[in-house]
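Taken in sequence, the protein lines are chains A and B.
Mapped onto my numbering, the consecutive letters of the first sequence carry residue numbers 1 to 337.
Mapped onto my numbering, the consecutive letters of the second sequence carry residue numbers 338 to 674.
Just so you know, even glycine gets a beta-carbon here, dropped at the ideal spot from N, CA and C.
In this text the structure is predicted, and so the values were computed from the model without any measurement.
In what follows, a structure is listed as structure tokens, so that the remarks can point back to it.
Number of protein chains: 2
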Amino acid sequence: MVTIKDIARAVGVSPSTVTRALAGSSRISAATVRRVKECAASLGYVADSSARAMQSGKSTLVGLLMPDIQNNFYATMARTAAEHCRRRGFQLVLSVTEDDPQAEEEQIRALVSARCAGTLIVPTANTHPTSCKLLSSVPTVQLVRRSDALHAKGFGIDDHKALESACGYLLDLGHRKIGLLAGNDDLHTARQRKAGFIDAFRSRGIEPDLTLILQGSPRAQHGRTAATDLLSRPVAPSALIAAGAALTEGMLDATSEHFGTASPTVSLLGFGDNPAFRWWQGGGLSTVSLPLGEITSAACEQLFERIGGKAEGATDDRFTLFETGLVLRRSTQRHAA
Amino acid sequence: MVTIKDIARAVGVSPSTVTRALAGSSRISAATVRRVKECAASLGYVADSSARAMQSGKSTLVGLLMPDIQNNFYATMARTAAEHCRRRGFQLVLSVTEDDPQAEEEQIRALVSARCAGTLIVPTANTHPTSCKLLSSVPTVQLVRRSDALHAKGFGIDDHKALESACGYLLDLGHRKIGLLAGNDDLHTARQRKAGFIDAFRSRGIEPDLTLILQGSPRAQHGRTAATDLLSRPVAPSALIAAGAALTEGMLDATSEHFGTASPTVSLLGFGDNPAFRWWQGGGLSTVSLPLGEITSAACEQLFERIGGKAEGATDDRFTLFETGLVLRRSTQRHAA
DNA sequence: GTTTAACGCGCAAACGTTTGCACGTCAAAG
DNA sequence: CTTTGACGTGCAAACGTTTGCGCGTTAAAC
């Protein structure tokens, strides 16, 4: 590896002059700057960011922790985050936690060890206290999910409203027996979504059938089994809502399987903007659409502002909510009277 | 930040003793080891990996460069790579190149600068010579795509065979006018796939209609416009093959649009194992299935072997090919006579 | 009782970069 | 002709960790 000293020797100046010349900044003669830069280029010099990080105490690494990456939901966030990092000259360290607090903690420890500049995190359902302590030394922004334990600003969606309007729409179509596939109550988002679902009923003076609410892990597997369960009941619901992106995939699998080549007689409402939802059964799947790009962009802006800025004392812990939409396709039909 | 010196002072030993105690290895009394570890834990010590990297010349970072992350194809690779890195205690640096050689080079420079342990790369169509030079100092393994310029071992699929059997299947169903959506000839994979497509015809003594082969950027956008073009021709092809994962998405979009709610009268064959392909139009999309998990795993194994091993002189540049499959669903039908 | 070896630990250098301070030179101002 | 200042550069310390070497102590071997 060619270092700054090699350049110094070749050009015939001191290492400090080389740094300053390469940094472009300080008072170094234009001639020297040119000679140094030429020499650096010809020797193929690449600065050692480890040394730089040790010197400055901060690296140009930004952590992105999330439970999954295969799901389009999270992939969209990763893409946006990668884009922002690239534009600002940071490197994105991707950590897939798979909703395991243990793995999460290890990854956080590694990020702290690397003296990363900042962290974007979709916390697991039960983030370990150690993880929170570790993250307290690093600029951190929460994404989508909210964990009060780590006192950090976050950006997400208005989960309650999202499911209230989703469920309200189905109710207005005449559906009464509506199944809900949801995450378990450990997740703040899951609680909110469930509450929104229920409130949609109550605000219309209807009492929801709570046995149609199936909570579990927010993964495709649960969506699949829960949907299969609901569809196989003697009195099956006339509509299903998946309150999560992965749950939606499970729901679609289960529905395909249950109806085979016949066209499904149940109304389906999904979650997220997976482009593949457009291809569902000819008419497309109706979904709750999420401004994930905007959310992630906002989170990145916030993060880089905090990274760049001089740690202003009062860190804003609040969680900023974005409005969701409802994309209506053919999977949601008026309830047959 | 609490350093090794803080621990040394607290315990009353020298910094070197602390390192050795924490490393567990060298000849340090059990009592001291215990006291040091306890102290480290209580002070919340986290080793600075930058310092470690500078000392050793290598970091625990592994680069993953790929054109996209939203596409299920690449997301699967990212997930697998992340899993392998996690197991071995490495951090995954995700770089999304968007098929831009310029961006690719910048990211590679950053990785070299970080003295990364190794790199997994899906090269862009025209990887810059500078990028190749930079990568020559780092253990590198190519994924899926092959660039001869960077002399590195790689793992991918047998592209020729994949399309030969895909196209052959449609020919055997009686199709003759088959449209192909392909990447441009800059990509080795695209050339191979096109050749496989053509050879399927020739080996059956049929001359393919080359005007039905539409090459372009291997992104969804091209798949969409190309498919729309083919479907709108006075004499439309009776079957379409997308020779790429993103191209497949574009093809499906275009087909949905072209046929509206009517059921498509064209046979469709996609590329990759996007779970969403199962939901296509009720019957599911037939696809070329790829052992992406295996490929990525093999690449990771190879990479970590090279990282761990003492650089054995003769680096094996060969490209290992994996066999693809054909998953048949309802989107491919016998040609109506 | 002396030699030898093993053991537990400290010293100091090294990794590559940045940066505060000081030094020398030269030109402009007095 | 002396003083002042600006300018270009070098010196050396610092960031946190690892590691080769050496030193002193104690126990084992003779």
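Asked                                                                                                                        : Found
Three-way DSSP call (helix, strand, coil) for L487/B in this model                                                           : coil
Under 8 Å from the C-beta of A290/B: neighbouring residues of chain A                                                        : Because chain B is modelled from 338 through 674, residue 290/B falls outside the range shown and cannot be assessed.
Touch test, the segment 183-191 of chain A against the segment 206-218 of chain A, Cβ-Cβ under 8 Å, three pairs minimum      : yes
Check: G118/A C-beta below 7 Å from any heavy atom of the ligand MG                                                          : In the structure on display, the ligand MG does not appear, and there are no ligands present to speak of.
Below-8 Å beta-carbon distance, S468/B vs any chain A residue                                                                : no
Limits of the unbroken alpha helix (DSSP H) element including A519/B                                                         : It is not in any alpha helix (DSSP H) - A519/B instead sits in the beta strand (DSSP E) that spans I515 to G520.
Element boundaries [beta strand (DSSP E), containing Q618/B]                                                                 : It is not in any beta strand (DSSP E) - Q618/B carries neither H nor E in the DSSP assignment.
Minimum length 4: unbroken alpha helix (DSSP H) runs contained in the segment 224-282 of chain A                             : 245-259
Min CB distance Q618/B to chain A below 8 Å                                                                                  : yes
Own chain partners of I458/B with C-beta closer than 7 Å, once the 5 adjacent residues on each side are dropped              : L402, T477, Q479 and L480
Distance between R561/B and L134/A (C-alpha atoms, nearest Å)                                                                : 47 Å
Beta-carbon proximity check, V62/A vs L92/A, cutoff 8 Å                                                                      : yes
Residue-level contact to chain A via CB, T598/B, 8 Å cutoff                                                                  : yes
Contained alpha helix (DSSP H) runs [length at least 4] in the segment 422-461 of chain B, N- to C-terminal order            : 438-450
Contact list for L480/B against chain A, beta-carbon separation under 7 Å                                                    : Within chain A, no residue comes near L480/B; the closest Cβ sits about 15 Å away, beyond 7 Å.
Straight-line Cα distance separating R233/A from G179/A                                                                      : 11 Å
Chain-order list of residues whose beta-carbon lies under 7 Å from that of A503/B (same chain, five-residue window excluded) : I578, L606, V625 and L663
8 Å Cβ cutoff met for C39/A and I4/A                                                                                         : no
K58/A vs A117/A beta-carbon contact at 8 Å                                                                                   : yes
Start and end residues, beta strand (DSSP E) containing V288/A                                                               : S286 to S289
Under 8 Å between C-beta atoms of T592/B and F608/B                                                                          : no
Any C-beta of chain A under 8 Å from that of G381/B                                                                          : yes
Inter-residue Cα distance where the pair is D148/A and L622/B                                                                : 44 Å
N-terminal and C-terminal residue of the alpha helix (DSSP H) that V373/B is part of                                         : A367 to L380
Opposing strand residues paired with I550/B [DSSP bridges]                                                                   : L517/B
Three-way DSSP call (helix, strand, coil) for G168/A in this model                                                           : helix
With 16 other Cβ atoms within 10 Å as the buried cut-off, status of D48/A                                                    : buried
Counterpart residues of T657/B in DSSP-defined beta bridges                                                                  : F492/B
Identity of the residue in G511/B, Y382/B and Q670/B nearest S604/B by Cα                                                    : Q670/B
Under 9 Å by beta carbon: chain A residues contacting A613/B                                                                 : N72, E249, L252, N274, P275, A276, F277, W279 and W280
Bridge partner(s) assigned by DSSP for G63/A                                                                                 : V93/A and T119/A
Range covered by the alpha helix (DSSP H) that runs through T3/A                                                             : Run containing T3/A: none; DSSP gives neither H nor E here.
Beta bridge counterpart(s) of G662/B as assigned by DSSP                                                                     : S626/B
is_contact[V2/A, chain B] using C-beta, thresh 8 Å                                                                           : no
Chain A contacts from the segment 621-635 of chain B (Cβ-Cβ distance under 9 Å)                                              : G621 and L622
Contacts that Q428/B makes with chain A (C-beta to C-beta distance below 9 Å)                                                : L61, G63, V93, L94, S95, Q107, A110, L111 and A114
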